[in-house]
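Report on the structure given below.
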Amino acid sequence: GENVEQHPSTLSVQEGDSAVIKCTYSDSASNYFPWYKQELGKRPQLIIDIRSNVGEKKDQRIAVTLNKTAKHFSLHITETQPEDSAVYFCAANGNNRLAFGKGNQVVVIP
Amino acid sequence: DTAVSQTPKYLVTQMGNDKSIKCEQNLGHDTMYWYKQDSKKFLKIMFSYNNKELIINETVPNRFSPKSPDKAHLNLHINSLELGDSAVYFCASGQGARTGELFFGEGSRLTVL
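This is how it looks when you write it as structure tokens:
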């Protein structure tokens, strides 16, 4: 089945700096790659996703890039703000499910 | 008008007891899921139902029994609760893994004492 790995597990950034989280996946048949944000005590919520027919997608301060050949995709957050502090999960579809990475704790230091 | 709702939000119970968590979605999705999130935050899939039919059973102990009376509801019953069952259980719905977004419920925090 699909195996998704995320790096780093914890990331601390100064407010205003950029944060980048990388994920790798194993199943070359995967074609949908979402990113979820989970704030403390809340549910995971989709923040951005990308399909395998595009290489990059942007939505205001967040962007996702996909390298199908290398089987990795990354989340980029620019001009980080304290409210960006959360756990971020990447996922990839495969075998009738979304397989999630183990999550990255992002801490934005004011 | 909550999209995916699950109850109860909190459960505190003794080892050996039986408990249930209910989930309902009003998004018209065909597929519903149960995920377990332990203290390390890992989101692990437990079950998936598509239109009332079990699609995924991810080697979960037999003490866990999902039931889907219709495609808008997916309940989870847990027998003989153990300490290791303490976690947050998330219900989610979607139109299937190949097509897109999962919508999560608020989660049910189960604490087994």
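Residue numbers (my numbering), protein chains in the order written: chain A, 1 to 110; chain B, 1001 to 1113.
From the three backbone atoms N, C-alpha and C, an ideal C-beta is built for every residue, glycine too.
is_contact[residue i, chain A] using C-beta, thresh 7 Å
{"i": "B/Leu1027", "result": "no"}
{"i": "B/Leu1043", "result": "yes"}
{"i": "B/Glu1101", "result": "yes"}
{"i": "B/Ile1055", "result": "yes"}
{"i": "B/Phe1047", "result": "no"}
{"i": "B/Glu1024", "result": "no"}
{"i": "B/Phe1104", "result": "yes"}
{"i": "B/Gly1107", "result": "yes"}
Per-residue burial, residue i [other beta carbons within 10 Å of its own, 16 or more giving buried]
{"i": "A/Pro82", "result": "exposed"}
{"i": "B/Lys1040", "result": "exposed"}
{"i": "B/Leu1043", "result": "buried"}
{"i": "B/Asn1016", "result": "Contrary to the premise, residue 1016 of chain B reads as Gly rather than Asn in this sequence. B/Gly1016 is exposed by the Cβ-count criterion."}
{"i": "B/Glu1024", "result": "buried"}
{"i": "B/Leu1076", "result": "buried"}
{"i": "A/Lys77", "result": "Strictly speaking, residue 77 of chain A in this sequence is Ile, with Lys absent from that position. Answer is buried; the Cβ neighbour count reaches 16."}
{"i": "B/Ala1092", "result": "buried"}
{"i": "A/Ser85", "result": "buried"}
{"i": "A/Lys42", "result": "exposed"}
{"i": "A/Val54", "result": "exposed"}
{"i": "B/Asp1070", "result": "exposed"}
{"i": "B/Leu1054", "result": "exposed"}
{"i": "A/Ser18", "result": "exposed"}
{"i": "B/Lys1036", "result": "buried"}
{"i": "A/Gly101", "result": "buried"}
{"i": "B/Leu1074", "result": "buried"}
{"i": "B/Gln1014", "result": "exposed"}
Test: residue i CB closer than 7 Å to a CB of chain B
{"i": "A/Gly103", "result": "yes"}
{"i": "A/Phe100", "result": "yes"}
{"i": "A/Asn96", "result": "yes"}
{"i": "A/Val108", "result": "no"}
{"i": "A/Val87", "result": "yes"}
Strand pairing of residue i, partner residues [DSSP]
{"i": "B/Gln1037", "result": "B/Leu1043, B/Val1088"}
{"i": "A/Ala91", "result": "A/Phe100"}
{"i": "A/Ile77", "result": "A/Ala19, A/Ile62"}
{"i": "B/Asp1070", "result": "B/His1073"}
{"i": "A/Ala86", "result": "A/Val106"}
{"i": "B/Gly1094", "result": "B/Thr1031"}
{"i": "A/Gln12", "result": "Going by the sequence as given, residue 12 of chain A is Ser instead of Gln. Its beta-bridge partners are A/Val107."}
{"i": "B/Ile1055", "result": "DSSP, once it has assigned bridges, lists no residue as partnering B/Ile1055."}
{"i": "A/Tyr69", "result": "Looking at the sequence shown, residue 69 of chain A is not Tyr but Thr. DSSP output for A/Thr69 lists no bridge partner at all."}
{"i": "A/Asp27", "result": "Answer is none; A/Asp27 lacks a bridge partner."}
State whether the segment 1010 to 1022 of chain B contacts the segment 60 to 70 of chain A, with contact taken as three or more CB pairs (one from each stretch) at a distance under 8 Å.
no
Counting only Cβ-Cβ distances shorter than 9 Å, please list the residues of the segment 10 to 38 of chain A near chain B, keeping chain order.
Asn31, Tyr32, Pro34, Tyr36, Gln38
Closer than 8 Å between beta carbons: that is the criterion. Which residues of the segment 40 to 71 of chain A meet it against chain B?
Lys42, Arg43, Pro44, Gln45, Leu46, Asp49
Closer than 7 Å, Cβ to any Cβ of chain A: which residues of the segment 1072 to 1096 of chain B, in chain order?
Phe1090
Cβ pair count under 8 Å reaching 3, the segment 79 to 98 of chain A against the segment 33 to 40 of chain A:
yes
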